[in-house]
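Notes follow once the structure below has been shown.
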Amino acid sequence: MEVVSPQKFALLFAFGSMTLLSSFAILKGPQAFLTSLIARDKLPFSGAYVIGLVGTLVATIGMRSFILTAVFGIIQAFALLYFLASYVPGGQVILNMCGKCCSKGARAVSGRLIRT
């Protein structure tokens, strides 16, 4: 029995990401959405997202590699955060707020661990 199974998580995460992309394409229109994805300022992040998504699927289904699945899953997750920050109204503000909360929590936990 595996305690950590990144393949199962990554596969579901990839399918969820494809569903999210499809919903944005339906809302904005497929042509407008693809045009915005290949805009010059968003192209590196769109490329990273596609590489992460395809890499996750290949590493999970084709190669069954634990390490590559984890690496491509992390790439996909960071690219998805940028995608949400750039496409959802108020996305950047929400990500900044979540980042501040996480850093405060990490400082509090690390401060308690150091004292004990």
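Going by our numbering, the sequence shown opens with residue 8, and the numbers climb by one from there.
Beta carbons: idealized from backbone N, C-alpha and C, even for Gly.
Practice task
Would you kindly check if the distance between the Cβ of F52 and the Cβ of A86 is under 8 angstroms?
Solution key: Indexing the sequence shown from 1 puts residue 86 at position 79. Indexing the sequence shown from 1 puts residue 52 at position 45. Result yes, Cβ atoms of A86 and F52 sit closer than 8 angstroms.
Exercise for the section: Report yes if the C-beta distance between G59 and I82 is below 8 angstroms; otherwise report no. Expected result: The count along the sequence shown starts at 1 and reaches residue 59 at position 52. The count along the sequence shown starts at 1 and reaches residue 82 at position 75. Taking 8 angstroms as the Cβ cut-off, G59 and I82 qualify as a contacting pair.
Problem - Local Cβ density within 10 Å of F90, reported as buried at 16 or more and exposed below that - result: Indexing the sequence shown from 1 puts residue 90 at position 83. Answer is buried; the Cβ neighbour count reaches 16.
Handout entry: Sequence ranges, beta strand (DSSP E) only - wholly within the segment 47-111, length at least 3
Key = none
Problem - Whole-angstrom distance between F16 and R114, CA atom to CA atom - result: Stepping through the sequence shown from its first residue, residue 114 is reached at position 107. Stepping through the sequence shown from its first residue, residue 16 is reached at position 9. Between R114 and F16, the C-alpha separation is close to 28 angstroms.
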